[in-house]
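Report on one structure; see the data block that follows.
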Amino acid sequence: MTDKNHWQLLETEKYTCPTPAPVTWLQLLWRRWLQTLGVKQQHEFSAQDLQDITEIPDVSSLAAQSAFASYLAKQEQVHSEVHFLVDPPFSGTAAMARSWAWQQGRVLLSPPTADQITQCAVDTWWQQQAYQGTAWLIDDLARYFLRTPQGLAFIRVWRARVLAGEFGAGLVVCDSWAFAFLRRDWPLTMPSSHCLAPTSTSLLQQVGITGSHRQLAHLSGEARGNLGVAWALWRCKYLQQQTVPSLPVAANDTTAFILYTLLLHRGLSGAELQAVLSNVSGTELKMQLLRLVELGIIIYESEHWRVTAIAYGVVREFLAGRDYLLDDF
């Protein structure tokens, strides 16, 4: 553990994603040979390294909230209206924002209903909010649209109006995949967008993950600087000695459509997923979902299908290989 606070935020264009050092085919063969012999490499963790960390990093901790509040206070002195906070999957950014908003007394706006989205009823949505002139928080912008012919008009009208200041000052938390999609769909530059800084070895140590600098740097790179993914890899791959899930050889275009849609919307119900993937039969969709659950790629909880943290890197790499629009994280 360390006394210095290593939680940081920055502007999204300043984010630099850490990545593991490239591996040649010869190095890959050598690693597999060492694994066969049971020899650990320098970046791997021993049993002694894995004793302390058992709980997910607390984004509501005093250190995390202090860094969050300090950064946003400075930004609001420069820009008084709407700020966007980009939230990579499993990063904990939205939870951090909710904790901060509660302490600040900000109003948490509720997302539009399915009917409001399809009817583009932005005024009806706004009239239902408990807004009294104070700054507000939207904690998940992915709930404000559905990638269907009728599901995008609401977010387009809402975005133009919120950026024009019609709804006052606020903080919008937007999933990184949704942010990439909406940014491509918007002809103007998205203003004042921010994110958590990539997880450093010092932050990993601060939240209780111990190891040498080389080990922690490898873990951070493997997780692409995402603290939640790093923790999942630590728990499953190293602590519990589980194999990271992999997609089957038979994974096809439908598999890719499903996984991209789940990331774009940060999880969907079965009915919502079928609406977005209307060209996929119900039987095929159900079979694909059940197979992905069996492999540990996705999970079904709270009546929504979602990609798992431990499989996130595998899914992202799979979509990259098929030229999907990726997030920047």
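For the sequence shown, the residue numbers in this note's numbering are 22 to 350. C-beta: ideal position from N, C-alpha, C; glycine also.
Are residue i and residue j close, meaning C-beta to C-beta below 7 Å?
i, j, result
"Trp-157", "Val-128", "yes"
"Leu-289", "Val-328", "no"
"Ala-201", "Asp-160", "no"
"Trp-198", "Asp-344", "no"
"His-234", "Thr-222", "yes"
"Val-301", "Thr-275", "yes"
"Ser-82", "Ser-120", "no"
"Asp-196", "Ala-238", "no"
"Gln-227", "His-27", "yes"
"Ala-271", "Ala-330", "no"
"Leu-311", "Trp-326", "no"
"Leu-313", "Ile-319", "yes"
"Pro-39", "Gly-246", "yes"
"Ile-351", "Trp-207", "Past the edges of the chain, shown from 22 to 350, lies residue 351, and the structure says nothing about it."
"Lys-258", "Val-250", "no"
Just checking my contact of residue i with residue j at CB under 8 Å: how many whole Å lie between their CB atoms?
i, j, result
"Gly-317", "Ala-341", "20 Å between Cβ atoms; not a contact."
"Leu-248", "Leu-224", "7 Å"
"Leu-192", "Ala-118", "6 Å"
"Arg-182", "Phe-188", "7 Å"
"Ser-131", "Gln-150", "7 Å"
"Phe-339", "Ala-277", "7 Å"
"Leu-184", "Val-103", "7 Å"
"Ser-267", "Val-335", "6 Å"
Quick one: what does DSSP say residue i is sitting in, helix, strand or coil?
i, result
"Gln-63", "Confidence at Gln-63 is low in this model, with a pLDDT of 46, below 50, so the placement of that residue is unreliable and no value is reported for it."
"Ser-87", "helix"
"Asp-161", "coil"
"Val-194", "strand"
"Phe-105", "strand"
"Thr-45", "Note that Thr-45 has pLDDT 47, beneath the 50 cutoff, so the model's placement of it is unreliable and the number below is only indicative. In this structure, Thr-45 counts as coil in the three-state DSSP scheme."
"Leu-71", "Residue placement at Leu-71 cannot be trusted, given a pLDDT of 48 that sits under 50; the coordinates are not used to answer."
"Glu-97", "helix"
"Val-128", "strand"
"Leu-203", "helix"
"Glu-32", "strand"
"Thr-139", "helix"
"Val-178", "helix"
"Ala-122", "helix"
"Leu-184", "helix"
"Gln-150", "coil"
"Asp-144", "helix"
"Ala-156", "coil"
"Leu-285", "helix"
Would you say the beta carbon of residue i is closer than 6 Å to some non-hydrogen atom of the ligand ADP?
i, result
"Tyr-259", "The ligand ADP is absent from the structure shown, which contains no ligands of any kind."
Touching by the beta-carbon criterion (3+ pairs, under 8 Å), the region 138 to 148 and the region 167 to 184: Touching, per the Cβ criterion.
The region 86 to 93 in contact with the region 114 to 133 per 3-pair CB rule at 8 Å: Contact holds: three or more Cβ-Cβ distances are below 8 Å.
Sufficient close CB pairs (3 or more, under 8 Å) joining the region 301 to 312 to the region 223 to 243: No, the region 301 to 312 is not in contact with the region 223 to 243.
The region 289 to 302 touching the region 213 to 222, judged by at least three CB pairs closer than 8 Å: Not touching, per the Cβ criterion.
Secondary structure, beta strand (DSSP E): runs of 3+ residues fully inside the region 287 to 345: You should have 319 to 322 and 325 to 328.
The region 102 to 113 touching the region 141 to 149, judged by at least three CB pairs closer than 8 Å: Contact fails: fewer than three Cβ-Cβ distances are below 8 Å.
Every unbroken alpha helix (DSSP H) inside the region 206 to 283 [4 residues or more]: Listed in chain order, they are 222 to 227, 234 to 243 and 248 to 254.
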